[in-house]
Structures are given as C-alpha cells and as structure tokens.
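Quick notes on the structure that follows.
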C-alpha cells in the first residue's frame with residue numbers, strides 16, 4: 064500500500080486589527096481535501112478527539128480553540144473580527160435556531176453558574192473557566208452582555224461560522240458525507256495554533272484518509288486532475304491513493320492585504336516525516 068501523504072498547494076481570511084485586543088489575537092486556517100468518514104460512529108470519534116485536544120492542547124479552551132467546518136457549506140473569503148455581542152447572530156452547534164450573541168452569552172453563563180452552584184465552588188469549574196476570557200465571571204452580570212466584545216469568523220454570505228472560544232455554527236457542521244474540511248484554530252499565540260492544526264491533520268491522515276480519485280489505468284499513481292474547491296481552480300497534482308491535499312489559507316490585515324498576519328501551512332510546517340509532505 065502506498066505511504067499516506069499530505070500534498071500542500073494555495074483562500075484568504077481578512078483579519079481586523081480589533082482582534083488583537085480580544086481573547087483570541089491569533090488565527091490560522093487551512094483546508095484539507097480527500098477526507099473520508101466511513102460512518103456516523105467514525106465522525107463521532109473525530110468529535111471526541113477534538114474534545115480531548117481542547118482539554119489538553121487547548122488547556123480547556125483557555126489557550127487555543129479548534130473549529131472544523133465543511134468547506135462546501137462556506138462562501139469565501141472569510142473575515143475575522145471583534146464585534147459587540149448584541150450585533151451578532153449565530154446558529155450555534157446543537158442549538159435549534161439562530162440566537163443573538165448576547166442571549167447566547169447569557170445562556171452559557173447560566174449553564175456555568177448552575178454547574179458552579181451544584182459543585183459548591185466559588186469559581187466556575189474547569190469545564191467553564193474559559194468563559195473568563197470574555198469577562199463572564201460568577202456574579203458579574205451587571206448590565207447584561209449586549210456590549211461584550213466577541214470574536215467571530217464570518218463568511219461572504221454574512222454567516223457567522225464560529226465564535227471562538229465558544230462555539231462553531233450549525234450550518235457548516237461536519238457530516239459523514241464531508242470530504243473537504245476547513246480547520247480553523249484561534250489562540251493566544253501562533254505556535255500553539257500551528258501545533259493544534261498539525262495534530263488535527265495527523266489524525267485525519269491516520270484515521271480518515273480517503274481516496275481522492277481512483278488510480279489511473281496504468282496503476283502507477285501518475286498525475287490525476289482533481290478539483291480542490293468549489294470556486295474556479297483545478298490543480299494538477301500527483302495523487303496516489305491514501306493522501307490528503309492541504310490548501311494553505313492566508314490571513315491578511317483587512318486594511319492592507321499585502322500585510323500577512325499568518326499562513327498555514329508554510330514551508331516550516333508539516334515537516335515531520337509522518338506527514339511525508341509533497342510541496
């Protein structure tokens with residue numbers, strides 16, 4: 064069987080300067096193509112892995128947060144910005160409908176308070192302590208949440224696809240049929256964000272690496288043409304079975320797109336031999 068590989072090729076996210084003053088000053092992202100979930104159970108295994116990464120790598124979401132989306136449900140380009148909760152509307156994961164950002168914060172606070180009182184603690188439990196990043200603290204509800212500033216990632220259709228470190232959106236959730244995944248990591252520093260993203264890619268490579276296309280008739284794994292997104296570009300790459308295609312995403316300053324904030328993966332990323340990266 065051919066060795067599993069990651070193929071790296073070239074979307075864009077505009078980042079406003081306001082995020083630097085918020086709880087998640089850094090963002091990296093990439094798209095991964097060729098993913099294959101074989102069943103609902105397989106997808107749940109990936110979901111459970113994400114929960115473990117949030118606990119360990121993300122230090123209970125306080126250091127970094129991962130969001131995964133179905134690329135086909137997103138309209139690029141994306142914008143990463145900081146807004147007042149009252150101006151944000153999101154259909155959060157596991158929610159029945161859209162809700163205002165201030166109402167969503169209130170619901171989270173109430174859940175954390177109920178948990179704190181049940182455990183008879185003075186502070187929120189480890190499960191909810193990341194809420195302090197948004198100044199959601201016990202007995203700190205004066206004035207409500209309308210003016211709380213929250214980080215959001217918005218697509219070109221104005222859909223809020225994530226509100227780090229709180230939730231992803233319902234519209235872009237992964238399904239068993241998902242083959243193209245947007246990995247979005249926000250955090251306190253770039254290095255932990257990159258480590259988080261590489262951990263996700265390594266898991267997908269080992270556990271959810273499908274065939275992008277069948278082998279050509281000569282069986283030598285030669286050049287196969289694949290469409291790596293739903294926009295315009297068709298990219299020619301050598302694609303043996305058991306591989307993933309990773310597209311770097313440029314995160315740029317919204318006021319000057321020539322000012323690069325981050326790009327992942329760069330040539331300094333995915334260099335571990337386990338990725339067997341082809342560039």
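Numbering (the working numbering), first residue to last: 64 to 342. Where is the CB? At the ideal position from N, CA and C, for every residue including glycine.
Give me the residue from 208, 186, 257 with the minimum Cα distance to residue 168.
208
Could you tell me if residue 218 is buried or exposed, where buried requires 16 or more neighbouring beta carbons within 10 angstroms of its beta carbon?
buried
At a cut of 8 Å, does the stretch 111 to 118 reach the stretch 239 to 255 through at least three beta carbon pairs?
no
Run the CB neighbour count on residue 331, radius 10 Å, all protein chains shown included, and call it buried at 16 or more, exposed below.
Exposure of residue 331 is indicated by the presence of fewer than 16 other C-beta atoms within 10 angstroms of its C-beta.
Backbone CA spacing between residue 324 and residue 175 [nearest angstrom]:
34 Å
List the residues that DSSP assigns as beta-bridge partners of residue 316.
Partner(s): 78, 319.
Cutting at 8 Å between CB atoms, please list the residues of its own chain near residue 322, excluding the five before and the five after it.
Excluding residues within five positions, the ones whose Cβ falls inside 8 Å are 315, 316.
Which first and last residues belong to the beta strand (DSSP E) in which residue 147 is found?
Per DSSP, residue 147 belongs to the beta strand (DSSP E) from 141 to 147.
Determine the DSSP secondary structure at residue 179, reduced to helix, strand or coil.
Correct three-state label for residue 179: helix.
Is the stretch 95 to 114 touching the stretch 187 to 198, taking contact as three or more C-beta pairs under 8 Å?
Result no; under three Cβ-Cβ pairs closer than 8 Å.
Between residue 127 and residue 120, is the Cβ-Cβ spacing less than 8 Å?
yes
Determine the closest residue to residue 236 out of 211, 110, 148, with distance taken between C-alpha atoms.
110
Which same chain residues, not among the five before or five after residue 93, have their C-beta less than 7 Å away from its C-beta?
Cβ neighbours of residue 93 beyond the five flanking positions: 246, 260, 309, 310, 311, 312, 327, 328.
Proximity to residue 262 [Cα-Cα], best of 221, 112, 88
112
Where the beta strand (DSSP E) containing residue 131 begins and where it ends
That run of the beta strand (DSSP E) goes 127 to 133.
Less than 7 Å between C-beta atoms, sequence neighbours within five positions excluded: which residues of the same chain meet that for residue 337?
Answer for residue 337: 265, listed in chain order.
Boundaries (first-last residue) of the beta strand (DSSP E) holding residue 340:
Neither: residue 340 is in no beta strand (DSSP E) and is coded neither H nor E.
Do you know whose CA, among 139, 212, 177, 107, lies nearest residue 150's CA?
With distances taken between Cα atoms, residue 150 lies closest to 212.
Contact check, residue 345 vs residue 145, beta carbons under 8 Å:
Given a span of 64 to 342 for the chain in the structure shown, any question on residue 345 remains unanswerable.
Can you tell me where the beta strand (DSSP E) holding residue 246 begins and where it ends?
243 to 250
Are residue 193 and residue 140 closer than 8 Å when you measure CB to CB?
no
Where does the unbroken alpha helix (DSSP H) through residue 379 begin, and where does it stop?
Outside the modelled stretch of the chain, which goes from 64 to 342, sits residue 379, for which no answer is possible.
Report the option in 90, 224, 85, 268 whose CA atom is closest to the CA atom of residue 134.
224
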